[in-house]
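Written below as structure tokens is the structure these notes are about.
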Amino acid sequence: MAATSPETGGNVGRPERHATIADVAALAGVSVGTASKALNGRGSLREETRTRVREAARQLSFQANAGARSLHSGRTYTVGMITTDTIGRFSIPVLMGAEDALGAGEMSIFLCDGRDDPIREQYYVKTLLSRRVDGIIVTGRRTEARMSIGRDLPVPVVYAFISSSDPQDCSVVPDEESGARKAVEHLLAVGRTRIAHVTGPEHHNSARVRAAAALDRLTGEGLDLVAPPLFGGWSEAWGRQAVGILLAGRTEFDAVFCGSDQIARGVSDALRAAGRRVPQDVALVGFDNWDVMTEGAQPPLTSVDMDLEGLGRSAAERLLAAINGTASPGRHPHPCRLVVRGSTIVPPA
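Sequential numbering of the sequence shown, starting at 90, is according to the numbering used here.
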């Protein structure tokens, strides 16, 4: 006789038996084939039958075997993600959003760090394909268009945050132009008309795009920037230096739109040191909505949020659609939003 546990009365020494598809079928009163179709969303079954099978699976805590599901469907329910963002400032939120979308379909992600090395990147492409992933997401830390990871790959590829230079590829990118326009519109709405723009290196796509959009929005109102855009580094140090340049040139300004939150944090510090109050004397807007910067600034910083998690979800949803046969080539802008805080709103007296 088998030994039993005094607490549970169960058999000791025997591995726990997991429910099988046959158990689910028996409880639901259907054939094994019908149970399989109901759980995998296949076949022309009545909704009542599908519901009964799913309820039986729930009662039995049935979990489909991933290997069997893979062999049956021809899919591995895995996706590869290749990134060049070694810090993770942009790719981690994109990854989190992608996981939200893919997790609903019980899909897993293999994350690979390409480190801006084409040889390493191609190695990862081959490795992911050898693992028979169902698709690949490519992301990075810059929005510039990059070369495609390969033409005629056996699985669909979606580019997230960065974009592919191949118009036949699917790229989901932040709508930085719209974000910059929203920043300027907000400054105009709070009564600022003498606006300066301080941003990152001119060779960066994001710096150029945000500067051009800000200038275009002001031109539409018959206004201009108080000085040509100040291009520099993505750093607090550059923000402080830029304020020095504006003040030394006796430039009159009542607002500064910055190309990043780091720059805006430096601008804020330099304005305070010069005796200029934010937002009473100078309203200040950043870009990225990086909480480390926005919440740490005094006062908290109004900023443009690129909704990176939402962008990641959108990219993953487009990849799932491509896996299921509905590709969406081209460049797809993802909307930004403005998060208003104390750096632009004058507190009541």
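From the three backbone atoms N, C-alpha and C, an ideal C-beta is built for every residue, glycine too. Predicted model, so just to flag it, every value in this text is computed and none were measured.
| query | result |
| --- | --- |
| Coarse secondary structure for ALA285, derived from DSSP in three states | strand |
| Beta strand (DSSP E) runs wholly inside the segment 292 to 361, at least 3 long, in chain order | 344 to 347 |
| With 16 other Cβ atoms within 10 Å as the buried cut-off, status of PRO437 | exposed |
| Limits of the unbroken alpha helix (DSSP H) element including VAL183 | 180 to 192 |
| Where the beta strand (DSSP E) containing VAL261 begins and where it ends | 259 to 263 |
| Endpoints, the alpha helix (DSSP H) within which GLY399 is located | 397 to 412 |
| For VAL101, the three-state DSSP class (helix, strand or coil) | Residue placement at VAL101 is flagged as unreliable, the pLDDT there being 46, under the threshold of 50; the coordinate-derived value follows with that caveat. In this structure, VAL101 counts as coil in the three-state DSSP scheme. |
| Whole-angstrom C-beta distance between SER252 and GLY289, which should lie under 8 Å | Actually they do not touch by this definition, with Cβ atoms about 18 Å apart. |
| Among SER125, PRO182, VAL119 and THR167, nearest to SER403 - alpha-carbon criterion | PRO182 |
| Cβ-based neighbour list, ASP205, same chain, cut-off 7 Å, excluding 5 preceding and 5 following | THR173 |
| Check whether ALA331 and VAL356 have beta carbons under 8 Å apart | yes |
| ASP241 in three-state terms, based on DSSP | coil |
| Start and end residues, alpha helix (DSSP H) containing MET382 | 380 to 383 |
| Endpoints, beta strand (DSSP E) assigned at PRO422 | 419 to 423 |
| Between the CA atoms of SER260 and VAL371 - distance to the nearest angstrom | 37 Å |
| Check whether ALA127 and ILE110 have beta carbons under 8 Å apart | no |
| Beta-carbon spacing of GLU398, MET185 below 8 Å | yes |
| Alpha carbon of SER159 to alpha carbon of ILE412, nearest angstrom | Summary for SER159: the model assigns pLDDT 47, below 50, so the residue's position carries little reliability; its value from the coordinates is reported in the next sentence. Approximately 14 Å, taken between the alpha carbons. |
| Of the residues ALA316, LEU400, ASN378 and LEU312, the one placed nearest LEU390, counting alpha carbons only | ASN378 |
| Distance, VAL287 Cα to PHE320 Cα | 6 Å |
| Per-residue DSSP class, three states only, for ASP112 | helix |
| ARG297 versus ARG329, GLN257 and CYS347, residue with shortest Cα-Cα distance | CYS347 |
| Cβ contact check for the segment 214 to 233 and the segment 270 to 282: 3 or more pairs under 8 Å | no |
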